[in-house]
Each structure stands twice: as structure tokens, then as C-alpha cells.
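Peer 1:
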Amino acid sequence: AQTVTQSQPEMSVQEAETVTLSCTYDTSESDYYLFWYKQPPSRQMILVIRQEAYKQQNATENRFSVNFQKAAKSFSLKISDSQLGDAAMYFCAYRPNFGNEKLTFGTGTRLTIIP
Amino acid sequence: ETGVTQSPTHLIKTRGQQVTLRCSSQSGHNTVSWYQQALGQGPQFIFQYYREEENGRGNFPPRFSGLQFPNYSSELNVNALELDDSALYLCASSFPHSEAFFGQGTRLTVV
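Chains as they are written, first to last, in this note's numbering: chain A, 27 to 141; chain F, 15 to 125.
1) Do F117(A) and Y63(A) have their beta-carbon atoms positioned less than 8 Å apart in this structure?
2) For Q77(A), which residues from the same chain have a beta carbon less than 8 Å from its beta carbon, with the 5 sequence-adjacent residues on both sides left out?
3) Looking at C-beta atoms only, is the number of pairs between the segment 129 to 140 of chain A and the segment 22 to 41 of chain F that lie closer than 8 Å three or more?
4) Between which residues of its own chain and R121(F) is the CB-CB distance below 6 Å, once the five residues before and five after are set aside?
5) Please return the same chain residues whose Cβ sits closer than 6 Å to the Cβ of N123(A), not counting the five positions on each side in sequence.
6) Would you please state the rounded distance, in angstroms, between the beta carbons of V125(F) and D99(F)? I believe it to be under 8 Å.
7) Measure the C-alpha to C-alpha separation of S79(F) and V92(F) and round it to an integer number of angstroms.
8) Report the residues of the segment 101 to 115 of chain A with a CB closer than 7 Å to any CB of chain F, ordered along the chain.
9) Mind listing the chain A neighbours of S21(F)? Cutoff is C-beta to C-beta under 9 Å, in chain order.
10) Looking only at its own chain, which residues have a Cβ that is under 7 Å from the Cβ of N69(F), when we skip the five neighbours before and after it?
11) Quick one: list the residues of chain F neighbouring T133(A), beta-carbon separation under 7 Å, in chain order.
12) Which word fits L97(F), buried or exposed, when buried means at least 16 other C-beta atoms lie within 10 angstroms of its C-beta?
13) Taking Cβ-Cβ distances shorter than 8 Å, what residues in chain A pair up with P110(F)?
14) Between which residues of its own chain and E87(A) is the CB-CB distance below 6 Å, once the five residues before and five after are set aside?
15) Is K64(A) near the ligand NAD, going by C-beta to nearest heavy atom under 7 Å?
16) Can you give me the C-alpha to C-alpha distance between S38(F) and K81(A), rounded to a whole angstrom?
17) Looking at the C-beta of N69(F), does it have a partner C-beta in chain A at a distance below 8 Å?
18) What residue range does the beta strand (DSSP E) around G70(F) cover?
19) Return yes when the Cβ of K27(F) is within less than 8 Å of the Cβ of L90(F), no when it is not.
20) Assuming S107(F) and Q40(F) are in contact, meaning their beta carbons sit under 8 Å apart, how far apart are those beta carbons, in whole angstroms?
21) Return the residue from the list R77(F), R65(F), Q58(F) and G42(F) that minimises the CA-CA distance to V30(A).
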């Protein structure tokens with residue numbers, strides 16, 4: 027069974043600084059996706075960024091980028107120029123690219139932005 | 015194009031009762047997945063429906079059941095509610111092999 031581990035329950039960063047959230051996962055599959063979702067107090071899961079396992083290039087979306095290390099099964103999220111609106115719970119998630127494609131989530135990291 | 019909407023937003027039920035949660039998928043999406051998110055945890059996969067058929071189930075007992083309708087909207091039914099069923103229930107819709115879009119969830123409290 028696939029597992030996703032987020033070892034940082036809470037993180038904080040000064041506004042405009044850079045922060046990195048960690049995630050590791052375990053799978054025996056080779057074809058899958060990895061995601062970072064943001065869940066603000068409004069509760070709705072919002073996709074931040076995704077990475078396809080067969081792509082070696084790390085994904086980037088504006089201020090958000092990932093460091094995908096497939097052999098180490100590591101998938102960290104870097105947020106640059108942190109903004110107050112980035113404060114939320116961040117979940118790392120795994121999805122196989124076959125079958126019912128269910129998402130397996132980590133336990134989340136609560137990110138606080140210090141003004 | 016409308017997003018994923020869930021109803022109700024909040025619900026309080028008594029132990030032993032039954033509850034039905036509803037989800038309207040994003041326009042055209044034929045796949046709906048349900049997740050349970052306990053307080054302080056990540057969401058856990060309950061089951062998925064694809065074109066009105068169940069397409070995979072997580073580690074949840076049979077008292078958790080669902081339906082998907084021809085318009086691809088969906089229901090989650092929970093019978094014989096237990097205190098541990100208190101959680102945020104999230105619905106996500108998608109096409110196969112594409113991004114899942116989540117609703118805002120239904121907060122269920124069992125007393």
C-alpha cells in the first residue's frame with residue numbers, strides 16, 4: 027500500500043522569505059503523480075502544484091516549486107516570497123496513474139506566515 | 015462552468031441515525047470521489063464513482079454507501095452513525111487521468 031509522510035506538523039516563515047515543506051512517500055509503482063494541496067480555513071482543497079513521476083524536470087508554478095527526488099521518494103515544496111495568503115494547511119498527496127486513481131494524503135503541515 | 019458544490023455545509027446528527035450528504039460535480043466531470051477528513055488528519059479515501067458505477071473503495075465499513083446519478087452528481091450515505099464518524103467529508107470530481115476539483119466539504123458532527 028502507498029503511504030505519504032509529512033514529518034513537519036507546523037512550520038512558520040517571515041513574510042517575503044522562503045520556506046520548504048517536506049514530504050516522503052512509499053510506492054512500488056513507477057507511474058504516478060504527486061501533488062501539493064492547500065487547505066485554508068474555508069476547508070476547500072486547492073491544488074498548488076503537481077508532478078508527473080516520469081518527468082525528471084521539477085514542476086514550477088509562479089512562487090511555488092518542487093524538488094522531486096524519485097529514487098529517494100522525496101517531494102518537497104518550496105514557497106518563495108511568502109505572502110500572508112499562503113497561510114494554510116498543506117497536504118502532500120500521491121495518486122497512481124491507473125485503476126481508480128485515488129489520492130493518498132499525508133497528515134499535513136500547518137504553515138504560518140509572520141508579518 | 016460551476017465548481018463542485020456540497021450540501022449541507024454543516025450537519026449535527028445523533029448516534030445511530032442515518033445521514034445523506036450530496037455533491038454536485040463540476041460541469042462534465044464523470045468521476046466523483048469521497049474522502050473523510052478527521053480533525054487534524056489528512057483526507058482518507060472512502061470510494062469513487064465513475065459513470066454511476068462504484069470504481070474502488072477504501073477501508074470503510076459497508077454502512078458507508080454511495081450513489082452516482084446520470085447527471086454525475088453523487089450522494090454519500092452513512093447508516094448507524096458512530097461518534098467517530100464526526101469529520102469533514104470532501105467530494106472531488108474529475109475526468110479520468112485529470113486534476114480532481116474539491117468542494118468545500120460537509121462538516122458532520124455526531125453527538
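Each residue gets a CB set at the ideal place from its N, CA and C atoms; glycine is no exception.
Please read all numbers here as calculations on a predicted model, not as lab measurements.
Peer 2: According to the structure data:
1) Against a cut-off of 8 Å, the Cβ pair of F117(A) and Y63(A) comes out as a contact.
2) These residues qualify, in order along the chain: Y59, L60, F61, N84, A85, V92, F94 and F101.
3) No, the segment 129 to 140 of chain A is not in contact with the segment 22 to 41 of chain F.
4) Excluding residues within five positions, the ones whose Cβ falls inside 6 Å are H24 and L102.
5) Setting aside the 5 residues that flank it on each side, N123(A) is surrounded in the same chain by D57 and Y58, each with a C-beta closer than 6 Å to its C-beta; the list follows chain order.
6) Wrong, their Cβ atoms sit about 11 Å apart, outside the cutoff.
7) Spanning the alpha carbons of S79(F) and V92(F) requires a straight line of approximately 6 Å.
8) The residues in question: there are none.
9) Identification of chain A residues near S21(F) by a Cβ-Cβ cut-off of 9 Å yields none; the smallest Cβ-Cβ distance measures about 14 Å.
10) Excluding residues within five positions, the ones whose Cβ falls inside 7 Å are Q62 and Y63.
11) What T133(A) touches in chain F: Q55 and G56.
12) By the beta-carbon neighbour count (other beta carbons within 10 angstroms, threshold 16), L97(F) is exposed.
13) Going along chain A in sequence order, the residues near P110(F) (Cβ under 8 Å) are E127.
14) Within the same chain, Cβ atoms closer than 6 Å to the Cβ of E87(A) are found at I75, the five residues on either side in sequence being excluded.
15) Questions concerning the ligand NAD fall outside what the structure shown contains, since it holds no ligand whatsoever.
16) The alpha-carbon of S38(F) is positioned some 33 Å away from that of K81(A).
17) Yes, its Cβ sits closer than 8 Å to a Cβ of chain A.
18) E67 to R71 is the span of the beta strand (DSSP E), which, as asked, contains G70(F).
19) No Cβ-Cβ contact shorter than 8 Å links L90(F) with K27(F).
20) Indeed, because the Cβ distance is near 5 Å, the residues count as touching under 8 Å.
21) Measuring from the Cα of V30(A), the nearest candidate turns out to be Q58(F).
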